[in-house]
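In what follows, a single structure is set out as structure tokens and then discussed.
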Amino acid sequence: MTGSGLGREMYALVERLYPLCRSITGDGVRATLDIVGEYVPLEIHEVPTGTQVLDWTVPQEWNIRDAYIADATGRRVVDFAASSLHVLGYSVPVAATMPLAELRPHLHTLPDHPDWVPYRTSYYRPTWGFCLSQNTLDALPEGDYEVRIDSTLADGHLTYAEHVVPGEVPDEVIVSSHVCHPSLANDNLAGIAVATHLARALAEQNPYYTYRFIYAPGTIGALTWLARNADRIDRIKHGLVLACAGDPGQLTYKKSRRGDAEIDRVMRHVLAASERPHHIKEFTPYGYDERQYCSPGFDLGVGSLSRTPYAGYPEYHTSADNLDFVSPDAMADTLALCREAFALLDRNRSYLNLSPYGEPQLGRRGLYDALGGRSDTQEAQLAMLWVLSLSDGKHSLLDVAERADLPFDTVALAARALRDAGLIKA
Amino acid sequence: MTGSGLGREMYALVERLYPLCRSITGDGVRATLDIVGEYVPLEIHEVPTGTQVLDWTVPQEWNIRDAYIADATGRRVVDFAASSLHVLGYSVPVAATMPLAELRPHLHTLPDHPDWVPYRTSYYRPTWGFCLSQNTLDALPEGDYEVRIDSTLADGHLTYAEHVVPGEVPDEVIVSSHVCHPSLANDNLAGIAVATHLARALAEQNPYYTYRFIYAPGTIGALTWLARNADRIDRIKHGLVLACAGDPGQLTYKKSRRGDAEIDRVMRHVLAASERPHHIKEFTPYGYDERQYCSPGFDLGVGSLSRTPYAGYPEYHTSADNLDFVSPDAMADTLALCREAFALLDRNRSYLNLSPYGEPQLGRRGLYDALGGRSDTQEAQLAMLWVLSLSDGKHSLLDVAERADLPFDTVALAARALRDAGLIKA
Amino acid sequence: MTGSGLGREMYALVERLYPLCRSITGDGVRATLDIVGEYVPLEIHEVPTGTQVLDWTVPQEWNIRDAYIADATGRRVVDFAASSLHVLGYSVPVAATMPLAELRPHLHTLPDHPDWVPYRTSYYRPTWGFCLSQNTLDALPEGDYEVRIDSTLADGHLTYAEHVVPGEVPDEVIVSSHVCHPSLANDNLAGIAVATHLARALAEQNPYYTYRFIYAPGTIGALTWLARNADRIDRIKHGLVLACAGDPGQLTYKKSRRGDAEIDRVMRHVLAASERPHHIKEFTPYGYDERQYCSPGFDLGVGSLSRTPYAGYPEYHTSADNLDFVSPDAMADTLALCREAFALLDRNRSYLNLSPYGEPQLGRRGLYDALGGRSDTQEAQLAMLWVLSLSDGKHSLLDVAERADLPFDTVALAARALRDAGLIKA
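Chains as they are written, first to last, in full-length UniProt numbering: chain F, 1 to 426; chain L, 1 to 426; chain X, 1 to 426.
Structure below.
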């Protein structure tokens, strides 16, 4: 499938997921994972309310069927059926009639963007509320309004899913996307779509690493996954949080807490080599679930890839993060970058020169000819000399490529030829 | 007391100390310490002549009552009573009459500054001499002159003093000022005055560290202190040499020999954060008593704070370093910077996150509210996340502030809140 | 002898060596070493064909007496007697008559430089060929040509030589020059000449290190030397490959693989201090025999000094690298730089301050006077303080000079005075 074909397919997935009312628990997450499961097989995990996960506790499950504010004539002036954003996430049920003055403290707007509806939640403090545009609010006459939120907060489960692309080795790369946001296209349906198609692409390549895709609610979902996988965390060698993957902005990579993890170097190298305009940001303990993966007890080599990053665009956490804000091309571009990065990461190993005293005689082994007849023969031979020179167990192929100022692919091909000739070993 | 009030009080102390004839030993040092002792209680140490101190020996004590050069009419053309600078420090006694030609080799002037009297000493080579202005010398007719120096060089003592501000821990910060220079205001009466008022300010704050103020003659005094405290040197965690603290120049911090000692980072940070124009200089083994504290056997984290540094101004070691050369405002500014620096140093500790696996749930502990209601709530919360992220025992709060690009105070307040909540420990 | 006198003497040596037909084995190498042996005594090594040297095998010895292409009239249109470059190095013998069309694949020219004859070899693939100018080739009419190469490829020996300048310690500095190129003046007769006169100069100075000069064929010769000296490689502390030492370009130093070896720092310092325009290049595993000395198993601190470096000039490996391309002045300049560098390296040691607690009393030991009476007294005293400060076993005198921003000679003189006074020891 072409890049733009993949872009359109990812966009179609975003369109299907967009209307669902997701939260950190509940049936909206399940419905989302059901749809993703049509693209890649998912293992679904249901974790009961009250389960201790690290410093946190899995909360009650929230579900909602209907919610509205109706005026004296019975007309619904704010209606959950029109957008899942209209209800404050995790609102407790309410059924009452009250004057506008009493209702106002429960109404959330964006005065600076009077047409937009904000996205708000209150997961851990029981309350209720509605989100609406400033214009809608301004048009409401004083008087009594019927307020109804038909939600339930009850013992249930937190739901997350995993998809594994098996590799040659049990060492894992995780790709994590949050699935808890309601009708917000860029944050994070685009991330979910790119992750899903990345998984499909990797499966076709028999990768070296085992790739584990995690679809989980933000914060509490990642914490739950970490708590349940604490005894196998040392398998996680690298990772990437995917979010805000479809907006028109430049690609942005945010480094892991370590700052010099292999994934950090790979992303920096691939973004630079791709000649895409892009940004590299230092780690901050604020943002998406890299906060949890990079907490000092785990300190995993997990970075975060976005286009415009967390909270970096006016449409962020508003109704303007809609299907017009994301594009097939942007998602295809994000996916392409991920594939380039993982193609490099997957081949980036350190080798040991088995003939380290002086140069081995390459000609005798046909290693000049092995790569001869190509216009880049001289570069290929230089790459072999570099790989031999730096294969002391302390330098990866990426180190070689950067020190030699040669394309990684050239270096990786040289390493393969040398390995096949028995001159180096991993 | 306001900054300018403190400035005037420091200036008044300088005025009182200015006329005294100090040297590396003798009653001038004792009189100086008596006056300083009116401001802060001092422990006076008297170390006998001949005492071995490291590679050196405490010299004979020098005292002087009178000295002059008188012309044939008996008029004193150079008179110690007018300025303690007029006699070469440590001059042996002399009482003679000699022609000007014979006297000349004993006369020191500054031809480039014909109005100024130089400051000269000869501690370890027995000789005598006078310092006078070039103009005075040029006005002397040939002829015989009566020369008299009524000094004594005899077994006695070297005098130094200490003042301790007790802290929570026995770990010490030393603040060292040299007290051996005669009537030179900036070098080092201003340093003595700033040190003394710094001690008073620290005492009001129940500091974490124990602060030890050392008032000692340059070189031999610092060596004596080091020799007598060799077995407790490992208590000295940080230190500052204060000198030339009152001139109109910019603040200058000279790093310790280590170059990356905590005091070096603290001073650099505070100077930068204060937005004062300032200079940071690398260590050189030349200057004030940081030479001794930073000698490779001790290698203490001791830097040096001046305004215009050692030998960096024309008035240096001349009669022009007088009461007009220093100002209340300059001393108040130096004192303020010292207080800012020690306020930071005193709180700059490394913490250990006691809940390092994932983020702890701050909301449950009221840590959002703990700092809520303030305009800087968001910065305070970010600071808590940064402290949690970097509290791995390897990062100090200053590391956190610099990496997070947050004010140190914000970070320190966040750390206190987290510590009070049992989430981190020192 | 003056610099220009030495330059003329080196040039005369290049002139004598120029006509000889050198290769990686054979009598041309022996004749070359005979002539060099007139300047410095050489130990000649003959290593039999078939000897295993690391991953390689010493090849058969190649000798050549005559070679030509003659036209139908018997006129020699290409004649080995005119230049040793005319025969492809290691050509197998041939005696045949063939049409030009059949001969063409064996003819090597430089179309971009139609007057020049290229230098070509085929050491490890048996073939034969001639090198000639494009103009000569273009002038050849079609027709039959007599082709004759009177060479032998037979079991024999590989020849290399060593000259040792003994030092105070058995630790060695190697200086290596390749001796396998035929009539090419810069590459590497100039290197041979500079190495030889460097050896003579060092012998006059009773150096600290033992200096070993290696004259060996490129690649296989260096590999042979390494193979035969594997058990004493740890004596080699520093080294320099000398090549292309006589052309008009700027001096170029190529760092060792380590990049921060002492020789790298010394060369960088000396080149900068000399204020010569120059280039410093990072290591690459391509070039001269630093490839072998720096292979990861040995990883010696061996850099490479050239004027215009390897393959960096159009005349490289052509008949234009002739006696006009090199000059006495350029060789004298290269030699002078080598002498400056080794004079520094030879004195660059780390000392231990034997009186590290506080400053030792220099005056008591006459160390102010020891260096007094000179215009640079103050610099000399500062150098003593710096040496004392940094003589903690972790800093070399070069470290001191660079940190203090003082001339190395001043620092070395200060260290000698302090050592003589018993204040520091090596």
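Don't be surprised by glycine CBs; every beta carbon is placed ideally from N, CA and C.
Just so it is clear, the structure is predicted and the values come from calculations on it, not from any experiment.
| Between the CA atoms of Val78 of chain X and Ala320 of chain X - distance to the nearest angstrom | Here residue 320 of chain X is taken as the residue at index 320 of the third sequence, counted from 1. Here residue 78 of chain X is taken as the residue at index 78 of the third sequence, counted from 1. If I take the Cα positions, the gap works out to 17 Å.
| Which bits of chain F does Asn353 of chain L rub up against, with CB to CB less than 9 Å? | Residue mapping note: residue 353 of chain L aligns to position 353 of the second sequence, counting from 1. What Asn353 of chain L touches in chain F: Ser295, Pro296, Gly297.
| query | By a C-beta neighbour count over all protein chains shown, 10 Å radius and 16 as the cutoff for buried, is Thr252 of chain F buried or exposed? | reply | Translated into the one-based positions of the first sequence, residue 252 of chain F becomes position 252. It is buried - the Cβ of Thr252 of chain F has at least 16 other Cβ atoms within 10 Å.
| message | Pop quiz: Asp115 of chain F and Thr49 of chain F are said to be a contact at Cβ under 8 Å. What is the actual Cβ separation, rounded to whole angstroms? | response | Within the first sequence, the letter at position 115 stands for residue 115 of chain F. Within the first sequence, the letter at position 49 stands for residue 49 of chain F. No, Asp115 of chain F and Thr49 of chain F are not in contact; Cβ-Cβ is about 38 Å, not under 8 Å.
| said: Against chain F, which members of the segment 17-39 of chain X pass a CB distance test of less than 7 Å? | reply: none
| query | Nearest to Glu262 of chain F by CA position, among F:Gly303, F:Gly74, F:Tyr316, F:Gly143, is which residue? | reply | Translated into the one-based positions of the first sequence, residue 262 of chain F becomes position 262. Per the Cα distances, F:Gly303.
| request: Kindly indicate if chain F contains any beta-carbon less than 9 Å away from that of Leu385 of chain X. | output: Reading the third sequence from its first residue, position 385 is the one you call residue 385 of chain X. The beta carbon of Leu385 of chain X sits no closer than 9 Å to any beta carbon of chain F.
| said: If we require 4 or more residues per run, which alpha helix (DSSP H) segments fall completely within the UniProt domain "DUF2172" (61-152) of chain F? | reply: 100-103, 134-138
| field | Between the CA atoms of Met384 of chain F and Pro285 of chain X - distance to the nearest angstrom | value | Here residue 285 of chain X refers to the residue found at position 285 when the third sequence is read from its first residue. Here residue 384 of chain F refers to the residue found at position 384 when the first sequence is read from its first residue. Rounded to the nearest whole angstrom, the C-alpha separation of Pro285 of chain X and Met384 of chain F is 9 Å.
| task | Return the chain-ordered list of same chain residues with a C-beta closer than 6 Å to the C-beta of Tyr67 of chain F, the five sequence neighbours on each side being excluded. | result | Counted from its first residue, the first sequence places residue 67 of chain F at position 67. Per the sequence shown, residue 67 of chain F should be read as Ala rather than Tyr. So the list reads Phe80, Val87, Ile149, once near-sequence residues are dropped.
| Pairwise C-alpha distance: Ala404 of chain F and Val411 of chain F | For the purposes of this step, residue 411 of chain F is taken as residue 411 along the first sequence, with counting starting at 1. For the purposes of this step, residue 404 of chain F is taken as residue 404 along the first sequence, with counting starting at 1. Near 9 Å, if we compare the C-alpha coordinates of Ala404 of chain F and Val411 of chain F.
| Tell me which same chain residues have a C-beta within less than 6 Å of the C-beta of Tyr211 of chain X, skipping the five on either side of it? | Residue numbering aside, residue 211 of chain X sits at position 211 when the third sequence is read from its first letter. In chain order, Val165, Val173, Leu202 place their CB closer than 6 Å to the CB of Tyr211 of chain X, counting only its own chain and leaving out the 5 sequence neighbours on each side.
| field | 6 Å Cβ shell around Glu146 of chain X - same chain, five flanking residues per side excluded | value | Taking the first residue of the third sequence as 1, we reach residue 146 of chain X at position 146. Answer for Glu146 of chain X: Ala70, Thr97, listed in chain order.
| task | Check the Cβ of Trp392 of chain F against every Cβ in chain X and list those closer than 9 Å, keeping chain order. | result | Sequence index remark: in the first sequence, residue 392 of chain F carries index 392 (1-based). It is Asp, not Trp, that sits at residue 392 of chain F in the sequence shown. Pro296, Gly297, Asp299, listed in chain order.
| field | Beta-carbon proximity check, Tyr215 of chain F vs Leu345 of chain F, cutoff 9 Å | value | The count along the first sequence starts at 1 and reaches residue 215 of chain F at position 215. The count along the first sequence starts at 1 and reaches residue 345 of chain F at position 345. Not a contact, by the Cβ cut-off of 9 Å.
| Span of the beta strand (DSSP E), counted from its first residue to its last, around Glu172 of chain F | Taking the first residue of the first sequence as 1, we reach residue 172 of chain F at position 172. 172-178 is the span of the beta strand (DSSP E), which, as asked, contains Glu172 of chain F.
| Do we get a CB-CB distance below 9 Å when we pair Arg125 of chain L with the residues of chain X? | Counting from one through the second sequence, the residue named residue 125 of chain L turns up at place 125. With 9 Å as the cut-off, Arg125 of chain L counts as an interface residue toward chain X.
| message | Give me the chain X residues within the contact set of Gly363 of chain F, using Cβ-Cβ distance strictly less than 8 Å, ordered along the chain. | response | Position 363 of the first sequence, counting from 1, holds the residue named residue 363 of chain F. Those are Tyr124, Arg125, listed as they occur along chain X.
| Does DSSP classify Pro328 of chain L as helix, strand or coil? | Counted from its first residue, the second sequence places residue 328 of chain L at position 328. The answer is helix: DSSP assigns Pro328 of chain L an H, G or I state.
| request: Specify, as a first and last residue, the run of the beta strand (DSSP E) that Asp392 of chain L falls within. | output: Here residue 392 of chain L refers to the residue found at position 392 of the second sequence. Boundaries of the beta strand (DSSP E) around Asp392 of chain L: 392-396.
| task | Kindly give me the distance between the Cβ atoms of Pro328 of chain F and Tyr11 of chain F, rounded to whole angstroms, as I take these residues to be in contact under 8 Å. | result | Locating residue 328 of chain F in the first sequence gives position 328, where the first residue counts as 1. Locating residue 11 of chain F in the first sequence gives position 11, where the first residue counts as 1. Rounded to whole angstroms, the Cβ separation of Pro328 of chain F and Tyr11 of chain F is 4 Å, and the two are in contact under 8 Å.
| said: What residue range does the beta strand (DSSP E) around Glu262 of chain L cover? | reply: Indexing the second sequence from 1 puts residue 262 of chain L at position 262. Counting along the chain, Glu262 of chain L falls outside any beta strand (DSSP E), though it belongs to the alpha helix (DSSP H) covering 262-274.
| chain L contacts made by the segment 210-237 of chain F, where a contact means CB separation under 8 Å | Contacts with chain L (Cβ-Cβ distance below 8 Å) from the segment 210-237 of chain F involve Thr219, Ala222, Leu223, Leu226, Ala227, Ala230, listed in chain order.
| said: For a cutoff of 9 Å on Cβ pairs, would you count Ala404 of chain X as touching chain L? | reply: Position 404 of the third sequence, counting from 1, holds the residue named residue 404 of chain X. For Ala404 of chain X, the nearest beta carbon of chain L is closer than 9 Å to its own beta carbon.
| field | Proximal chain X residues relative to Asp55 of chain L, where beta-carbon distance stays under 7 Å | value | As a first step, residue 55 of chain L is located in the second sequence; it is residue number 55 there, counting from the start. Simply Ser355, Gly358, Pro360, Gln361.
| said: Output needed for Asn186 of chain F: all residues of its chain with C-beta closer than 6 Å, excluding positions within five of it in sequence on either side, in chain order. | reply: Taking the first sequence and counting its residues from 1, the one referred to as residue 186 of chain F is at position 186. Cys244, Gly246, Asp247, Asp321, Phe325, Val326, listed in sequence order.
| task | May I have the straight-line CA-CA distance separating Lys255 of chain X from Asn348 of chain X, to the nearest angstrom? | result | Your numbering for residue 255 of chain X matches position 255 in the third sequence. Your numbering for residue 348 of chain X matches position 348 in the third sequence. Cα-Cα distance, rounded: 18 Å.
| Candidates X:Asp420, X:Leu323, X:His317: closest to Leu362 of chain X by CA position | Counting from one through the third sequence, the residue named residue 362 of chain X turns up at place 362. The shortest C-alpha separation from Leu362 of chain X is found at X:Asp420.
| said: Which complete alpha helix (DSSP H) runs does the segment 209-259 of chain X hold, if anything under 4 residues is left out? | reply: If one requires a minimum length of 4 residues, the alpha helix (DSSP H) runs lying completely within the segment 209-259 of chain X are 220-228, in chain order.
| query | Taking the alpha-carbon positions, what's the Val53 of chain X to Leu110 of chain X distance? | reply | Position 53 of the third sequence, counting from 1, holds the residue named residue 53 of chain X. Position 110 of the third sequence, counting from 1, holds the residue named residue 110 of chain X. Straight-line Cα distance between these residues: approximately 35 Å.
| Expressed to the nearest angstrom, what Euclidean distance is found between the alpha-carbon atoms of Leu406 of chain L and Arg307 of chain F? | Within the second sequence, the letter at position 406 stands for residue 406 of chain L. Within the first sequence, the letter at position 307 stands for residue 307 of chain F. Answer to the nearest angstrom: the Cα atoms are 26 Å apart.
| Residue from X:Asn206, X:Trp62, X:Val169 whose Cα sits closest to the Cα of Leu158 of chain X | Taking the third sequence and counting its residues from 1, one reaches residue 158 of chain X at position 158. For the residues X:Asn206, X:Trp62, X:Val169, the minimum Cα distance to Leu158 of chain X belongs to X:Trp62.
| Where does Gly129 of chain X land, buried or exposed, given buried means 16+ other C-beta within 10 angstroms? | As a working note, residue 129 of chain X is residue 129 in the third sequence. It counts as buried.
| said: I believe Leu300 of chain F touches Ile236 of chain F by the beta-carbon criterion, under 8 Å. Please report the beta-carbon distance rounded to the nearest angstrom. | reply: Taking the first sequence and counting its residues from 1, one reaches residue 300 of chain F at position 300. Taking the first sequence and counting its residues from 1, one reaches residue 236 of chain F at position 236. The pair is a contact, with the Cβ atoms about 5 Å apart (cut-off 8 Å).
| query | Going by alpha carbons, who is nearest to Glu15 of chain L out of L:Asn188, L:Arg120, L:Glu43? | reply | The count along the second sequence starts at 1 and reaches residue 15 of chain L at position 15. If we check each option's Cα against that of Glu15 of chain L, L:Asn188 comes out closest.
| said: At the 9 Å Cβ level, is residue 513 of chain F part of the contact set with chain X, yes or no? | reply: With chain F represented from 1 up to 426, any question about residue 513 of chain F goes unanswered, as that position is not in the structure.
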